[in-house]
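This report refers to the structure that appears directly beneath it.
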Amino acid sequence: MTFDPYASSRETTEGRVYSVTGGDWDELSTEIGATKEERVVVNMGPQHPSTHGVLRLILELEGETVTEARCGIGYLHTGIEKNTEYRTWTQGVTYVTRMDYLAPIFNETAYCMSVEKLLGITEQIPERAQVIRVMMMELNRISSHMVCFGTGGLELGALTPIFFAFRDRETVLDIFEEVSGLRMNMAYIRPGGVAQDVPADAVSRIREACRDMRKSFKDNETLLVGNSIWMKRTKDVGYLDLAGCMTLGVTGPILRAAGMPWDLRKSQPYSGYENYNFDVITTDTSDAYGRFLVRLGELEQSLRIIEQCCDFLDKLNGAPVMVADKKIAWPAQLSVSADGMGNSLSHIREIMGESMEALIHHFKIVTEGFRVPAGQAYAAVESPRGETGVHTVSDGGTRPYRVHFREPSFNNLQSTAAMCEGGMIADVISAVASIDPVMGGVDR
Amino acid sequence: MSQNEGMFGVHGTGDTSGFGGLVRTGVSTGSSERPYGSYFDDVADDLERAYPDFNDAIEAVVVQNGELTLHVKREKLEEVARILRDNSNLQFEMCLGVSGVHYPEQSGRELHAVYPLLSISRNRRIRLEVSVPDSDPHIPTLVEVWAGNNWHERETFDMFGIIFDGHAGLTRILMPDDWAGHPQRKDYPLGGIPVEFHGATIPAPSERRSYR
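Residue numbers (the numbering used here), protein chains in the order written: chain A, 1164 to 1607; chain V, 59 to 270.
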């Protein structure tokens, strides 16, 4: 046999192994045809349109059946946890928001909750700040689920859902831009509250957006629910039952699709979730279709919560959005202008022209930061993908000693093997899409 | 209890910023006094009843920030974990991973592994903490108890060099397989890869500016 750069073969302890990387496979197929065993190891990704980002799947196949599935991750590792140790506690928000980039508000809130726990100020966070946090989280849940439907559809060959999904996601991102100045990675939630109040006319616009979205969500619903092609690709695919979820530590829509009504917003309320009326959506099919239905149901519940937030915001108009303790609260008053979020001009005038003490205070808090009592804390929120938990350790300094994110994507991706092995190779795509991993969160 | 002083490497009369005067006190590891409050007393009592070796295995019970931490000896970790999972009064069905922490100044117990546990049946959370010396960084694996710990233990090995004995495939998970060193340790510099450009080397950020 002549040397073929695209299809070489070598002897190993397990027999003859043929490596194929593309190009002309003719010679290989004749050679393989002669052997009895047809065990093929396919490397899928990390650069592959159907692997939900830079995920590498190593699949061992017999015919079209997957006998073993393993994940290779780490392609997006950026050392965010390490970086936070070299910045102040407030600057940490800017880093952690970039982990799970589809759910930035959840990363920020979980991180801030754990810093606030260390500071012992959980009870002092102003009510209006809590309402804004809840509203931003629920808006974020909608925009995140929209990417799940859109890209999940694309991966299964359904090109229409993404147009509906990204149209609605755009509505949410416009609200984010109006409130925080940024469409993603906002660093909007800060230890002690939020960076700034919502603009005066934003609440009415959010109400309007809720009305529009409630109507436009129907497009994807009527397109996909009961759709025979969608059902064939997702029903009974990627099966993971309750026992599997428990031992693998799987939370979020996957756990709720296995019939367990476990939602931290209900069971361990934070940020005042106990004041809102909403339902925990469950299905009992434990498959990809059930997870799709759970996410679809959560959209409506998020809209319900956002509308209640708008009512609370009207009631709490003018109330503070940052903790009263000046030794913790960010001194700068921010404002959103044409080029994004920045210091408000009136604050600049005060520190530069009127008060020397205000300037010193501003300088100390912004450069040195505030000190956090030594100890450790764990805070968790229900993100679109499950429990986002943050373990922070302080040595009493102005910078974190250790920040660890318990990322639901990282944890849930482990269930790929349990969901895919024994199934068809086409179903791997469906199963991974139903886990909805975000590689930024997996690799951090 | 340890103490840390100063910041950004400024000291003495040349220090006009005041950073040199910062004093930080390390984390206390002493046991908390009873009553622990909340459901913590029940958890401790139930574990003590179900596990005769309780006093030997649990080095300290710490209640801080409204959270219960059980400091467990590494030899007893798996036994304690199994009882916490299986005992009908405890029912901690879920382990939410492992978080490593490196305390270089705690000689003899430099490396800590922290396991947040969750009981869905009883809606409770506790935390297990194991500390091992840097010279002998071995902790028994908990993958047999909670299968979901597999990747988390690989991550902690990757980042801290803690070796989880009995883990079926303890390899690096986030860093490349041939990476040298464990990046989350305190003696590992931030951005510790020298960058070469036209023969010039750029030092790591932590060497360009003192963060100590």
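We put the beta carbon where it would ideally sit given N, CA and C, even for glycine. Bear in mind the structure is a predicted one, so any value in this text is a computation, not a measurement.
- Proximity to A:M1485 across A:H1240, A:Q1287 and A:E1341 peaks at A:Q1287, based on C-alpha coordinates.
- Interface flag for V:L154 against chain A is set, since a Cβ pair is found closer than 7 Å.
- The Cβ atoms of V:V130 and V:L169 do not sit closer than 7 Å to each other.
- Interface criterion not met: the Cβ of V:G239 is under 7 Å from no Cβ in chain A.
- Around the Cβ of V:E91, a 10 Å sphere holds fewer than 16 other Cβ atoms; the residue is exposed.
- Not a single CB atom of chain V sits nearer than 7 Å to the CB of A:Y1238.
- Between the alpha carbons of A:S1507 and A:Q1359 lies a gap of roughly 10 Å.
- Sorting A:I1523, A:S1172 and A:E1227 by C-alpha distance to the C-alpha of A:E1584 places A:E1227 at the top.
- In terms of CA proximity to V:Y97, V:R183 leads the group V:A226, V:D235, V:V188 and V:R183.
- V:L200 is positioned such that its CB atom lies no closer than 7 Å to that of V:A115.
- Any Cβ of chain V closer than 7 Å to the Cβ of A:K1280 would place that residue at the interface, and such an atom is present.
- Of the candidates V:D192, V:V172, V:E106 and V:P110, the residue whose Cα lies closest to the Cα of V:G166 is V:D192.
- For V:V101, no beta strand (DSSP E) segment is defined; the enclosing uninterrupted segment is the alpha helix (DSSP H) at F98 to A108.
- Contact with chain V is absent for A:G1401, since none of that chain's Cβ atoms lies less than 7 Å from the residue's Cβ.
- A contact between stretches requires three or more CB pairs, one per stretch, nearer than 8 Å, and the stretch 1548 to 1565 of chain A fails this requirement with the stretch 1319 to 1328 of chain A.
- Identification of residues in the stretch 1564 to 1576 of chain A having a C-beta nearer than 7 Å to some C-beta of chain V yields R1565, H1567, R1569, F1573 and N1574, given in sequence order.
- Here the alpha carbons of V:D99 and V:P93 stand approximately 7 Å from one another.
- For V:I197, the enclosing beta strand (DSSP E) stretches over residues H196 to P198.
- At a cut-off of 7 Å between beta-carbon atoms, V:G206 makes contact with chain A.
- With a threshold of 7 Å between beta carbons, V:S157 makes contact with chain A.
- CA-CA distance, A:I1528 to A:S1572, rounds to 34 Å.
- Neighbourhood of A:H1525 in chain V, by CB distance below 9 Å: empty, with the nearest CB roughly 15 Å away.
- When Cβ pairs closer than 8 Å are counted between the two stretches, the stretch 229 to 245 of chain V is seen to touch the stretch 197 to 214 of chain V, the count reaching three or more.
- In the DSSP annotation of this structure, the continuous segment of the beta strand (DSSP E) that includes A:M1207 starts and ends at R1202 to M1207.
- Nearest Cα to A:L1456 within the set A:T1530, A:F1312 and A:Y1249: A:F1312.
- Annotation: the stretch 1443 to 1529 of chain A contains the following complete segments of the alpha helix (DSSP H) (minimum length 4 residues), in chain order: 1451 to 1478, 1508 to 1512 and 1519 to 1526.
- Among the bridge pairs identified by DSSP, V:R185 is matched with V:T127 and V:P174.
- Buried is the label assigned to A:N1575, since at least 16 other Cβ atoms lie within 10 Å of its Cβ.
- With contacts defined by Cβ atoms closer than 7 Å, A:A1365 and A:E1341 form a contacting pair.
- Excluding the 5 residues flanking it on each side, V:S157 has same chain C-beta neighbours closer than 7 Å at V172, in chain order.
- If you check the CB distance, A:S1449 and A:D1404 come in under 7 Å.
- With the rule of 3 Cβ pairs closer than 8 Å, the stretch 174 to 182 of chain V counts as touching the stretch 134 to 151 of chain V.
- Assigned with DSSP and collapsed to three states, A:L1220 falls in strand.
- Neighbours of A:D1606 in chain V, taken as residues at a C-beta separation under 7 Å, are given in chain order as L232.
- Boundaries of the beta strand (DSSP E) around A:A1542: G1538 to S1546.
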